[in-house]
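These protein sequences, in sequence, are chains A and B. Residue 175 in the numbering used here sits at position 91 of the first sequence; the count goes up by one each step and never skips. Residue 137 in the numbering used here sits at position 53 of the second sequence; the count goes up by one each step and never skips.
Protein chains: 2
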Amino acid sequence: MLELAVLGLLHESPLHGYELRQRLKATLGTFRAFSYGSLYPTLRRMRDAGWIAEDEGDAEVVAGAPALTGRRGKVVYKLTAEGKEKLAELLAEAGPSAWEDETFGVHFTLFAQTDPEVRVRILEGRRSRLEERREGVRATLARTRARLDSYTLQLQEHGLESVDREVRWLTELIETERKNTPARSTGTTSKKAARP
Amino acid sequence: MLELAVLGLLHESPLHGYELRQRLKATLGTFRAFSYGSLYPTLRRMRDAGWIAEDEGDAEVVAGAPALTGRRGKVVYKLTAEGKEKLAELLAEAGPSAWEDETFGVHFTLFAQTDPEVRVRILEGRRSRLEERREGVRATLARTRARLDSYTLQLQEHGLESVDREVRWLTELIETERKNTPARSTGTTSKKAARP
DNA sequence: TTCGTCATGTAATGGGTTACATGATTAC
DNA sequence: GTAATCATGTAACCCATTACATGACGAA
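If you want it as C-alpha cells, here you go:
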C-alpha cells in the first residue's frame, strides 16, 4: 500500500522522506495519512529490495564542506529500473487488492499513470464491492430493524446513504471513462482500438 | 474497541461468540466488520480479565447425554459485575478515544446506553475533529491544487464532500440532542436542570 | 450421506501507530 | 540565541487479518 504510493510519487520526481509524506497527505487528503514511523522503514525495505535508490544527482549538497557528517541531511530517493517495473506491475492489478477500502484511494490517485482499461475495471470492481456490501447490510437491516434502537438505526441509514453516494460517484466516473475510451468488447478479443 | 462492542452487546443479553459476531455486523453495518480470528481471542482475554463469564443459566444444554464432550458446543458469555463497571467506564469516556474514525461507530451504536451529556460531547468532538481535518485538507489543496492531476483532484473533492456531509449529519444530531436535553451551562457550574 | 451453516478455536503474519531520540536549518 | 519546523530514524506495541483445523447439527 504505502509502497505503491511511494513508487507512484517517485515516478514523477525524486523526493526525500519528509517531502514524500507531505505529498502523501496532499494527494490522499481525507483518505489516509501515513506516519513517519511506517514511512521510513518502508523506504528502507524498498531500497533493500532495489526498487529505489539514493539520488546522487542531488547537487546543491555542497559548495563548501559537507560529507564530514556521517549521513545527516536529506536522503533523496529515486526509482530504479526494478522500481519502475514493480510500479507498472502494481498499477496493472485490477483485482480486489485495488478496490478494497484501504487500497482504493491510493490506486485512484495513480489513475493518471494507469491504463484506461484497468481504470474502468477497478472502478467497476469497487462499485460492485460496495453494492454487495450495501445489499448485505440492507438484508440484515430488514431482518433486525425492529430490534435496533434509534441511534443504531440512524448510523445504519447514514452508512447506507454514504455507500449510495459513493456508488453514484463511481457510476459517473465509469461513464466518463467509457465516453473517453472508444467502445471495446469485453472478453478474449483484445483488439486495440485506434484513436481517430 | 472490540472489547467495548462486546461489553455493550452482552449488556443487553448473554450471547455466544458466533452470535456476537452476527450482532456486531447487524449493529455496525457498513462501518466495521470483525473476524472470528479477533473475536475469540478477545473473548478469552476478557474472560481472563474477569469482565465476562460463561453463562451457566444456559439450560437446554442437556436433556440426555452431554457433558462428555470436553467442551464442544456453544459457550454463552454474560457480563460480570466487573464487566459492567468496565462498560460504564468506557461509555463515560468523552475524549478522542470516542470520536476517532475507528472508534466513533462503536460508541455511537451504544449511545442508547450512554449518558446524554457524554453523547453530545462525543458528537461535538467528532464534529470538530472532522472540521479540523477538512480545513487541513482545504489548506493543502489550495496550495497544491495546480500541481494535482484531475483524478487526484476528484478524489479530494469527493472526500471533502463526504466530510461535509458527515459534519451536517452530526450537527443535526447535536441539535436534536440539545432539544431533548434541557439547556445546560458549560463549564464548572454543573447544576442539574430539572425536567418540567 | 453429504452439504451448508453453525460454532469454536489457533498460528502466522501484517501493516501499521505512538512515543521517543536526535540533529540540521531557518526566521526572528 | 532560541523557537519552529525540517529531517531521519528506532523500538515497542497494537489490533487486527488470513488461513487453517475441527467438529456438531439440520435439511435435502
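Note that CB positions come from ideal geometry on N, CA and C, so glycine has one too. Bear in mind that the values here come from a model prediction, so they are computed numbers and not experimental data.
With distances taken Cα to Cα, identify the nearest neighbour of residue 105(A) among 160(A), 222(A) and 217(A). 160(A)
Suppose the cutoff is 6 Å on Cβ atoms and the five residues either side in sequence are ignored; what does the same chain contact list for residue 240(A) look like? 225
Once the 5 residues before and after residue 87(B) are set aside, which same chain residues still bring their CB inside 7 Å of it? 126 and 130
Taking the C-alpha atoms as reference points, what is the distance between residue 263(B) and residue 90(A)? 49 Å
With a cut-off of 8 Å, does the C-beta of residue 148(A) fall near any C-beta of chain B? Unreliable placement is indicated for residue 148(A), whose pLDDT of 37 sits below 50; the coordinate value is still reported in the next sentence. So, not an interface residue.
I'd like the ranges of any beta strand (DSSP E) spanning at least 3 consecutive residues and lying wholly in the stretch 156 to 233 of chain B. 160 to 163
Could you tell me whether the Cβ atoms of residue 176(B) and residue 199(B) are closer together than 8 Å? yes
Can you give me the start and stop residues for the beta strand (DSSP E) that residue 117(A) sits inside? First-last for residue 117(A): undefined, no H or E at that position.
If you draw a straight line from the C-alpha of residue 149(A) to the C-alpha of residue 194(A), how long is it? Here the model assigns residue 149(A) a pLDDT of 39, short of 50, so the residue's position is not dependable, and the following value carries that caveat. Straight-line Cα distance between these residues: approximately 40 Å.
Output needed for residue 243(B): all residues of its chain with C-beta closer than 8 Å, excluding positions within five of it in sequence on either side, in chain order. 221
Is residue 255(B) close to chain A, meaning its C-beta is less than 8 Å from at least one C-beta of that chain? no
Per-residue DSSP class, three states only, for residue 140(B): coil
Interface residues of chain A facing residue 233(B) [CB-CB closer than 7 Å]: 196
Own chain partners of residue 134(A) with C-beta closer than 8 Å, once the 5 adjacent residues on each side are dropped: 164, 166 and 167
Quick check: residue 108(B) and residue 118(B), are their CB atoms within less than 8 Å of each other? yes
Return the chain-ordered list of same chain residues with a C-beta closer than 8 Å to the C-beta of residue 251(B), the five sequence neighbours on each side being excluded. 211, 214, 215 and 218
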